[in-house]
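Throughout, the numbering used here is defined as the position within the sequence shown, counted from one, plus 5. Some notes on the structure that comes next.
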Amino acid sequence: VTMPLVFAIVVAAASQFLVGYNTGVMNAPANVVFPGHSTLSWSLAVAAFAVGGPLGAVMGGRMADSRGRRGALLIDTWTFLLGGLLQTFALDMVTIIVSRFI
Numbered sequence: 006v007t008m009p010l011v012f013a014i015v016v017a018a019a020s021q022f023l024v025g026y027n028t029g030v031m032n033a034p035a036n037v038v039f040p041g042h043s044t045l046s047w048s049l050a051v052a053a054f055a056v057g058g059p060l061g062a063v064m065g066g067r068m069a070d071s072r073g074r075r076g077a078l079l080i081d082t083w084t085f086l087l088g089g090l091l092q093t094f095a096l097d098m099v100t101i102i103v104s105r106f107i
């Protein structure tokens with residue numbers, strides 16, 4: 006077992022924790038983070054994650070065919086990072102919805 010393999014396993018396992026966190030904890034801070042938001046806007050934010058994921062998965066196969074596995078994983082990683090950063094620094098519901106879709 007090599008160190009790069011251990012690192013890859015840890016990163017893969019940690020990313021699954023984040024997926025569960027994004028789907029399960031979304032409603033807990035709703036009133037604190039964005040007070041006065043509508044139920045519709047919060048529902049869109051929750052649903053955007055479930056809609057964006059499958060679309061990204063479908064595009065991932067095509068991207069791997071055209072750019073190779075390494076290129077597809079690099080693009081996926083940077084896109085995932087962008088979505089997380091946008092969620093972290095979001096100041097309004099539109100940014101939350103878009104970043105969760107990404």
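Beta carbons: idealized from backbone N, C-alpha and C, even for Gly.
* Less than 8 Å between the CB atoms is what I'm expecting for Thr100 and Leu91, so what's the real figure, rounded? => Against the sequence shown, residue 100 aligns to sequence position 95. Against the sequence shown, residue 91 aligns to sequence position 86. Thr100 to Leu91, Cβ: 6 Å. Contact.
* Ser46 and Met98 closer than 8 Å at C-beta -> Locating residue 46 in the sequence shown gives position 41, where the first residue counts as 1. Locating residue 98 in the sequence shown gives position 93, where the first residue counts as 1. Their beta carbons are under 8 Å apart, which means Ser46 touches Met98 by this criterion.
* Asked: Val103 to Val51, Cα distance in whole Å?
  -> Locating residue 103 in the sequence shown gives position 98, where the first residue counts as 1. Locating residue 51 in the sequence shown gives position 46, where the first residue counts as 1. The straight-line gap from Cα to Cα measures roughly 11 Å.
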